[in-house]
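For the sequence shown, my numbering assigns the number -16 to the initial residue and increments by one for each residue that follows.
No residue lacks a Cβ here, since even glycine has one placed at the ideal position from N, Cα and C.
Here's the structure, in C-alpha coordinates; my notes come after.
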Amino acid sequence: MFPFSVKLTQKLNTAIQEKRKVLDAVNKYVERNKGQDIKIIDFQLTFNISLFGLSFDKFAQIEKGTFVINDNTITFQYFMYRLFIVSIIFSIIGTYASQTIVFGVFLFVFIVLGNWLIAFLKFRTMLKDLADYCLQQSI
(Lines of atoms letter the chains of each structure in order from A and count residues from 1; the text may use other names and numbers.)
(Lines give C-alpha, C1' and ligand atoms only; values in the text may rest on other atoms or scores of the structure.)
Protein backbone atom coordinates (compact mmCIF):
# COMPACT_ATOMS: atom_id res chain seq x y z
CA MET A 1 0.00 0.00 0.00
CA PHE A 2 1.60 3.21 -1.18
CA PRO A 3 3.20 5.16 0.46
CA PHE A 4 4.04 2.66 3.20
CA SER A 5 5.19 -0.08 0.84
CA VAL A 6 7.60 0.93 -1.90
CA LYS A 7 9.18 -1.17 -4.66
CA LEU A 8 12.37 -0.01 -6.39
CA THR A 9 14.03 -1.70 -9.35
CA GLN A 10 17.56 -1.19 -10.63
CA LYS A 11 18.67 -2.51 -14.01
CA LEU A 12 22.08 -4.04 -14.21
CA ASN A 13 24.48 -3.06 -16.96
CA THR A 14 25.14 -6.69 -17.69
CA ALA A 15 23.19 -9.88 -17.24
CA ILE A 16 23.93 -11.62 -13.98
CA GLN A 17 25.94 -14.75 -14.61
CA GLU A 18 25.65 -16.19 -11.12
CA LYS A 19 22.64 -15.05 -9.14
CA ARG A 20 23.80 -16.89 -6.02
CA LYS A 21 26.91 -14.69 -5.75
CA VAL A 22 24.75 -11.58 -5.98
CA LEU A 23 22.38 -13.01 -3.38
CA ASP A 24 25.32 -13.75 -1.07
CA ALA A 25 26.59 -10.18 -1.45
CA VAL A 26 23.11 -8.82 -0.64
CA ASN A 27 22.86 -11.20 2.33
CA LYS A 28 26.15 -9.94 3.77
CA TYR A 29 25.03 -6.35 3.22
CA VAL A 30 21.76 -6.95 5.08
CA GLU A 31 23.55 -8.72 7.95
CA ARG A 32 25.98 -5.80 8.31
CA ASN A 33 23.05 -3.42 8.62
CA LYS A 34 21.27 -5.36 11.39
CA GLY A 35 18.83 -7.37 9.30
CA GLN A 36 17.23 -10.25 11.21
CA ASP A 37 15.28 -13.36 10.28
CA ILE A 38 16.94 -13.46 6.87
CA LYS A 39 15.33 -16.02 4.59
CA ILE A 40 16.49 -16.94 1.11
CA ILE A 41 14.02 -18.74 -1.14
CA ASP A 42 15.02 -19.22 -4.78
CA PHE A 43 16.35 -15.80 -5.77
CA GLN A 44 14.45 -13.81 -3.19
CA LEU A 45 15.87 -12.60 0.13
CA THR A 46 13.53 -11.36 2.85
CA PHE A 47 14.48 -9.87 6.21
CA ASN A 48 13.01 -8.09 9.22
CA ILE A 49 14.26 -5.28 11.39
CA SER A 50 13.85 -5.34 15.15
CA LEU A 51 11.30 -3.01 16.72
CA PHE A 52 14.02 -1.69 18.98
CA GLY A 53 16.52 -1.49 16.13
CA LEU A 54 15.95 2.23 15.69
CA SER A 55 19.37 3.66 15.01
CA PHE A 56 21.25 5.28 12.18
CA ASP A 57 21.68 2.02 10.27
CA LYS A 58 20.68 1.72 6.63
CA PHE A 59 17.42 -0.10 7.39
CA ALA A 60 16.37 1.75 10.56
CA GLN A 61 13.27 3.32 8.95
CA ILE A 62 11.67 0.10 7.78
CA GLU A 63 10.36 -3.03 9.45
CA LYS A 64 10.94 -5.52 6.65
CA GLY A 65 12.30 -5.74 3.15
CA THR A 66 12.59 -8.06 0.19
CA PHE A 67 15.28 -8.30 -2.48
CA VAL A 68 14.43 -10.14 -5.70
CA ILE A 69 17.12 -10.87 -8.26
CA ASN A 70 16.06 -11.50 -11.84
CA ASP A 71 18.13 -11.93 -14.99
CA ASN A 72 19.19 -8.30 -15.30
CA THR A 73 17.46 -6.47 -12.42
CA ILE A 74 17.57 -6.18 -8.66
CA THR A 75 14.28 -5.25 -7.03
CA PHE A 76 13.95 -4.05 -3.44
CA GLN A 77 10.58 -3.72 -1.76
CA TYR A 78 10.42 -2.21 1.70
CA PHE A 79 7.61 -1.66 4.17
CA MET A 80 7.24 1.40 6.39
CA TYR A 81 4.03 0.74 8.38
CA ARG A 82 5.83 1.57 11.63
CA LEU A 83 6.36 5.06 10.23
CA PHE A 84 2.58 5.53 10.02
CA ILE A 85 2.06 4.47 13.65
CA VAL A 86 4.90 6.62 15.02
CA SER A 87 3.73 9.61 12.97
CA ILE A 88 0.20 9.32 14.35
CA ILE A 89 1.52 9.14 17.92
CA PHE A 90 3.72 12.21 17.45
CA SER A 91 0.95 14.15 15.73
CA ILE A 92 -1.48 13.34 18.60
CA ILE A 93 1.10 14.53 21.13
CA GLY A 94 1.72 17.67 19.06
CA THR A 95 -2.00 18.34 18.72
CA TYR A 96 -2.51 17.92 22.45
CA ALA A 97 0.46 20.15 23.35
CA SER A 98 -0.45 22.94 20.91
CA GLN A 99 -4.24 22.59 21.24
CA THR A 100 -4.61 23.01 17.45
CA ILE A 101 -5.50 20.28 15.00
CA VAL A 102 -3.73 22.09 12.17
CA PHE A 103 -0.39 21.70 13.93
CA GLY A 104 -1.02 17.97 14.43
CA VAL A 105 -1.85 17.48 10.76
CA PHE A 106 1.21 19.51 9.73
CA LEU A 107 3.40 17.45 12.06
CA PHE A 108 2.02 14.17 10.65
CA VAL A 109 2.62 15.23 7.04
CA PHE A 110 6.08 16.61 7.85
CA ILE A 111 7.21 13.41 9.59
CA VAL A 112 5.77 11.05 6.95
CA LEU A 113 7.00 12.97 3.91
CA GLY A 114 10.42 13.67 5.38
CA ASN A 115 11.09 10.06 6.34
CA TRP A 116 9.57 8.67 3.16
CA LEU A 117 11.72 10.92 0.97
CA ILE A 118 14.89 10.13 2.92
CA ALA A 119 14.20 6.38 2.71
CA PHE A 120 13.38 6.55 -1.00
CA LEU A 121 16.61 8.40 -1.83
CA LYS A 122 18.70 6.22 0.47
CA PHE A 123 17.41 2.94 -0.97
CA ARG A 124 17.58 4.18 -4.57
CA THR A 125 21.28 4.93 -3.98
CA MET A 126 21.76 1.57 -2.25
CA LEU A 127 20.37 -0.30 -5.28
CA LYS A 128 22.61 1.66 -7.62
CA ASP A 129 25.62 0.84 -5.44
CA LEU A 130 24.70 -2.86 -5.43
CA ALA A 131 24.39 -2.85 -9.23
CA ASP A 132 27.77 -1.13 -9.53
CA TYR A 133 29.28 -3.69 -7.16
CA CYS A 134 27.96 -6.52 -9.35
CA LEU A 135 29.47 -4.88 -12.42
CA GLN A 136 32.87 -4.36 -10.74
CA GLN A 137 32.96 -7.93 -9.46
CA SER A 138 31.89 -9.23 -12.88
CA ILE A 139 29.18 -11.29 -11.28
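Neighbour-count burial assignment, residue i, 16 or more Cβ in a 10 Å radius
i	result
A130	Residue 130 lies beyond the residue range present for the chain, which begins at -16 and ends at 122; the question has no answer from this structure.
S(-12)	exposed
V88	exposed
V9	buried
I94	buried
L104	exposed
G124	There is simply no residue 124 to check, as the chain begins at -16 and stops at 122 in what is shown.
K47	buried
Continuous alpha helix (DSSP H) stretch holding residue i: start and end
i	result
K11	K2 to R15
Nonlocal neighbours in the same chain, by C-beta distance under 6 Å from residue i, ignoring five residues either side
i	result
T(-8)	T56 and T58
M63	F(-13) and I45
Q60	K(-10) and T49
Residue i - containing beta strand (DSSP E), residue span
i	result
I23	Q19 to I24
I52	K47 to I52
W(-7)	Strictly speaking, residue -7 in this sequence is Gln, with Trp absent from that position. Taken as a continuous stretch (DSSP letters only), the beta strand (DSSP E) holding Q(-7) covers S(-12) to K(-6).
Q120	Element bounds for Q120: n/a, residue is neither H nor E.
Cβ neighbours of residue i in the same chain (closer than 7 Å, five flanking residues each side left out)
i	result
V69	none
Contacts around residue i, its chain only, beta-carbon distance under 8 Å, and the 5 residues preceding and following it disregarded
i	result
A114	Q(-7), K(-6), L(-5), N(-4) and I57
The region 39 to 49 / the region 11 to 21 touching (three or more Cβ pairs under 8 Å)
yes
Quick one: complete alpha helix (DSSP H) runs, 4+ long, within the region 34 to 110?
64 to 81
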